[in-house]
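Colleague: This is the structure I have questions about; it appears just below.
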Amino acid sequence: MRLLIFRSVVFAAKYRRMVIYGQIKKDIGQILRKLCEQKDIEIIEAEACPDHIHMLISFSPKYSISYVMGYLKGKSSLMIFDRHANLKYKYGNRHFWARGYFVDTVGKNKQRIQEYIKRQLEQDQIADQLSLKEFTDPFTGSKETKA
-8 MRLLIFRSVV FAAKYRRMVI YGQIKKDIGQ ILRKLCEQKD IEIIEAEACP
42 DHIHMLISFS PKYSISYVMG YLKGKSSLMI FDRHANLKYK YGNRHFWARG
92 YFVDTVGKNK QRIQEYIKRQ LEQDQIADQL SLKEFTDPFT GSKETKA
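If you read the sequence shown in my numbering, its first letter stands for residue -8, the second for the next number, and so on.
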């Protein structure tokens, strides 16, 4: 039996700018998926909102959460700027993500956290009165039926 650590994490785009949409959203999903695969980190559930990312992940205890987040945010930031050079005009440097992150432990409430993350974009749209429509899940590449 393999021991795994489950964590719910949230991290935001620098200045909480609403830049995670369209092609950037798709690329961020692909980049985070690729980085997680390289370190054997499983993305159980994820949602990319316009200004932040929610992820439910599991990983080996050989990694600390600070290492995992530093790796994901640091490497993905460089890769995002490589794919979208025009972002350097908004950010001036190669830091796409804001400093820090939120992390929560996951115990018996794993299913509830998964459901929360699934509904997060919908809740953010209601709160912000947005009507964004994304039809491809950036983390899995599969078609979505969200309105």
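All residues carry an ideal CB built from backbone N, CA and C; glycine is no exception.
(1) In the structure shown, what three-state DSSP assignment does D128 receive?
(2) On the criterion of 16 or more Cβ atoms from any shown chain inside 10 Å, does A138 qualify as buried, or is it exposed?
(3) Would you check if the stretch 27 to 34 and the stretch 55 to 71 touch, i.e. whether three or more CB-CB distances between them fall below 8 Å?
(4) Taking the continuous alpha helix (DSSP H) assigned at D95, which residues delimit it?
(5) Just verifying my parser: in three-state terms, what is the DSSP assignment at R103?
(6) On the DSSP letters alone, give me the boundaries of the alpha helix (DSSP H) that F72 sits inside.
(7) Do you know offhand how far L121's Cα is from E36's?
(8) State the Cα-Cα distance for the pair S(-1) and R103, rounded to the nearest angstrom.
(9) R(-2) by DSSP, collapsed to three states: which one?
Modeller: Per the coordinate set shown:
(1) coil
(2) Below a pLDDT of 50, predicted positions are generally treated as unreliable, and A138, at 48, falls in that range; the measurement from the model is reported next regardless. Exposed.
(3) yes
(4) Taken as a continuous stretch (DSSP letters only), D95 belongs to no alpha helix (DSSP H), being part of the beta strand (DSSP E) at 93 to 96.
(5) helix
(6) 56 to 74
(7) Confidence is the limiting factor: at L121 the pLDDT is only 49, short of 50, which leaves the residue's position unreliable, though a coordinate-based value still follows. CA-CA distance, L121 to E36, rounds to 22 Å.
(8) 11 Å
(9) strand
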